[in-house]
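What follows is a set of notes on a single structure, which appears directly below.
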Amino acid sequence: MAVNEFQVESNISPKQLNNQSVSLVIPRLTRDKIHNSMYYKVNLSNESLRGNTMVELLKVMIGAFGTIKGQNGHLHMMVLGGIEFKCILMKLIEIRPNFQQLNFLLNVKNENGFDSKYIIALLLVYARLQYYYLNGNNKNDDDENDLIKLFKVQLYKYSQHYFKLKSFPLQVDCFAHSYNEELCIIHIDELVDWLATQDHIWGIPLGKCQWNKIYNSDEESSSSESESNGDSEDDNDTSSES
Amino acid sequence: MDLDLASILKGEISKKKKELANSKGVQPPCTEKFQPHESANIDETPRQVEQESTDEENLSDNQSDDIRTTISKLENRPERIQEAIAQDKTISVIIDPSQIGSTEGKPLLSMKCNLYIHEILSRWKASLEAYHPELFLDTKKALFPLLLQLRRNQLAPDLLISLATVLYHLQQPKEINLAVQSYMKLSIGNVAWPIGVTSVGIHARSAHSKIQGGRNAANIMIDERTRLWITSIKRLITFEEWYTSNHDSLA
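Here the protein sequences come in this chain order: A and B. Throughout the first sequence, residue numbering follows UniProt numbering, covering 1 to 242 in sequence. Throughout the second sequence, residue numbering follows UniProt numbering, covering 1 to 251 in sequence.
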């Protein structure tokens, strides 16, 4: 880049993570396309949300990706990898939910016919995008270790599940020039496998990651142990709620 | 915080249920509700079992086939590399303008572009101390996807035509200006560029749809990989201009 060249980006999130803006994990062109799409402007700008916190975004996430068993509605929104999905993913990156919020959303109970499978897929992609740099070397950082444990447990858990999700093919970028509109049905374990092995998804690059290695024998045993810990945490949550 | 999120979650779920019920209009009777559930439950279990068994068989077959193909490819790799090098030596680098638009000469044109880019990179490597050594490695890395697509003849036809035009003008003496103009057509073309204020209100405008339409994007706006190799082509043009002037002055 030239010395006298400068540019002003008004869409960079003010929140920082790892000493940089959280929205920089997505490349510039993809970020511009997401911010300039009509869905983002109408539904996800700060004025439209009437706020800039996870409480407001949760309503949009449930409205777009929550499913009710026995009742079908808003089918055009429930697609992984589409424009709506990428817009909500971008907003999630800009807001950057904390550990309690992530833990709550990843362990939502499906009551009264509510199914949160699309929200879980969104959060798995978000974790892989945002927190790719985590490693377990720093023993003094308890927050980092908690995040690694949570993400490993969820990845291992959903690599054993088989529920179906409507999605664009995982190697297709919906903003690409030669993009053909075709949908397919994928299972959640295919998505987890892609997140654990590939370096891009739906045209968004994924950083090199160390906590997504869930296919080694040592990792499996440690993940299963942490999974039991996760179950105990769930029990604590239920007791606290009651 | 969890209690707030839980209450909001329950409220949104009930709200969505009401919306879906209202959108349906007339609700079906309870008896009709139970019957499809039972049939679905009965049908789902054998299908899942069948899917799992077929998936396992397909996985094992695919894995063995993949292993065999990779083994054979690895064994034949030195021979294939030698054959490719021999073929590359026989092909001349000079680009014929009549071949640029034809479909029959597309593979040959693709290989010519590949070899000429390699030639420019080798010249840059030879004069690395005199001209921007810090940019050379980044340029090579960014050009790698392009060179791979050119070798495999997988580049889009419009991109290949524009790229071949740029390289053709580079090969001709004293046509750097035409090369730069061709590069502008390669990168931007005649598409409207998204500049200025883009978020005025919430209503869609005709000019806005022209700028933000998915199929009207310029080549440099396709994706990050394409943008990088297009800017690297500009670096090659600038290097060629410097090399030509220095070569003429030395001669």
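Glycine residues also receive a C-beta, built at the ideal position from the N, C-alpha and C atoms. All figures in this text were calculated on a predicted structure; none of them were measured in a lab.
Element boundaries [alpha helix (DSSP H), containing residue i]
i: C113/B; result: 106-126
i: K157/A; result: 142-158
i: K86/A; result: 83-95
i: I161/B; result: 157-171
i: H132/B; result: Element bounds for H132/B: n/a, residue is neither H nor E.
i: F175/A; result: Neither: F175/A is in no alpha helix (DSSP H) and is coded neither H nor E.
i: I176/B; result: 176-187
i: K33/A; result: 28-36
i: Q101/A; result: 99-106
i: L134/A; result: Element bounds for L134/A: n/a, residue is neither H nor E.
i: N46/A; result: 46-49
Chain B contact for residue i (CB, 8 Å cutoff)
i: L206/A; result: no
i: Y158/A; result: no
i: V108/A; result: yes
i: F85/A; result: no
i: P14/A; result: no
i: F163/A; result: no
i: V169/A; result: Strictly speaking, residue 169/A in this sequence is Pro, with Val absent from that position. Taking Cβ atoms only, chain B never reaches closer than 8 Å to P169/A, which makes this a no.
According to DSSP, residues forming a beta bridge with residue i
i: K164/A; result: H187/A
i: L17/A; result: Q20/A
i: D115/A; result: T67/A
i: H200/A; result: P205/A
i: L80/A; result: S167/A
Proximal chain B residues relative to residue i, where beta-carbon distance stays under 8 Å
i: D173/A; result: D223
i: L29/A; result: M221, D223, E224, R227
Near the ligand ATP: residue i beta-carbon under 7 Å from a heavy atom
i: Q101/A; result: The ligand ATP is not part of the structure shown, which contains no ligands of any sort.
C-beta neighbour in chain A for residue i, strict 8 Å
i: M184/B; result: no
i: T31/B; result: Because T31/B sits at a pLDDT of 39, beneath the cut-off of 50, its placement in the model cannot be relied upon, and the following sentence gives the value as read from the coordinates. No, T31/B lies away from the interface with chain A (no Cβ there is under 8 Å from its Cβ).
i: F239/B; result: no
i: R47/B; result: Unreliable placement is indicated for R47/B, whose pLDDT of 38 sits below 50; the coordinate value is still reported in the next sentence. With 8 Å as the cut-off, R47/B does not count as an interface residue toward chain A.
i: N41/B; result: Caution is warranted here: a pLDDT of 37 is assigned to N41/B, below 50, making its placement in the model unreliable, and the coordinate value is therefore given only provisionally. Chain A, which has no Cβ nearer than 8 Å to the Cβ of N41/B, makes this no.
Contact with chain D by residue i, beta-carbon distance below 8 Å
i: F151/A; result: This model lacks chain D altogether, as its protein chains are A and B.
Interface positions of the segment 190-203 of chain A facing chain B (Cβ-Cβ less than 7 Å), listed along the chain
G203
When you check each C-beta in the segment 221-236 of chain B against every C-beta of chain A, which residues fall closer than 7 Å?
M221, I222, D223, E224, R227
Can you list, in chain order, the residues of the segment 2-18 of chain B whose Cβ is nearer than 9 Å to any Cβ on chain A?
For the segment 2-18 of chain B, the beta-carbon criterion of a distance under 9 Å to any beta-carbon of chain A is satisfied by D2, L3, D4, L5, A6, I8, L9, K10, G11, E12, I13, S14, K15, K16, K17.
Selection of the segment 49-66 of chain A by Cβ proximity to chain B, strictly under 8 Å
M54, V55, L58, K59, I62, G63, G66
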